[in-house]
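Chemist: With my numbering, you'll find the sequence shown wraps up at 432, consecutive numbering, no jumps. Handing you a structure now.
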Amino acid sequence: MKISTKGRYALRMLLDLAEHGNDDFVALKDVAERQGISKNYLEQIITLLKNADILKTARGFQGGYKLAKSPELYTVGNILRLTEGSLAPVACMEGEVNVCSRSDKCMTLGVWRGLGQVISDYLDNITLQDILDEHHKNDDGGQYYI
287 MKISTKGRYA LRMLLDLAEH GNDDFVALKD VAERQGISKN YLEQIITLLK NADILKTARG
347 FQGGYKLAKS PELYTVGNIL RLTEGSLAPV ACMEGEVNVC SRSDKCMTLG VWRGLGQVIS
407 DYLDNITLQD ILDEHHKNDD GGQYYI
């Protein structure tokens, strides 16, 4: 499994809003500048996040974006599922029902199920607030360790 640029940038943008928002709206150009991400690319991600009610928006001079809820209510798993579509380690595990014609005979299916569960458990137990707290606690660049 490989997380796309969209997923990584969405996570960085949401962390930036959580860190710099202070319950105020933040201009997208400021996020783009701080994160070194194209404003045009962030606008594409914004649409996805706004439609999922993750962000609030305001137009005008003091307008911009902010988190719709508190940072401790957003998990990395939910954000990545929204941007990536799936966290499945293999294609046959992406849907609710495994449509692979070999699933009833597949000796490795249990391995992929287990890996998918480990990935989900890990990412669903890390919130934006956890990442911010760890970043502020460590001087090593904000690596997150469990």
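A virtual CB, placed ideally from N, CA and C, is assigned to each residue, including glycine. Since this is a predicted model, take the numbers as computed values, not measurements.
1) Between which two residues does the beta strand (DSSP E) holding G350 run?
2) I need the DSSP call for L341, collapsed to helix, strand or coil.
3) How many Å lie between L290 and E319 at the Cα?
4) Take the Cβ of D339 as the centre, count every other Cβ of all protein chains shown within 10 Å, and call the residue buried at 16 or more, exposed below.
5) Output the distance between the C-alpha atoms of Q415 and N364, rounded to the nearest integer angstrom.
6) At the level of alpha carbons, what is the spacing between A400 and M379?
Modeler: Taking the structure as given:
1) Start and end: G350 to L353.
2) It is a strand residue.
3) The question names Leu, but residue 290 in the sequence shown is Ser. Answer to the nearest angstrom: the Cα atoms are 20 Å apart.
4) The residue in question, D339, is exposed, as its Cβ has fewer than 16 Cβ neighbours within 10 Å.
5) Roughly 14 Å between the two C-alpha positions.
6) A small correction: the amino acid at residue 400 is Gly; Ala does not occupy that position in the sequence shown. Taking the straight line joining both Cα atoms gives about 11 Å.
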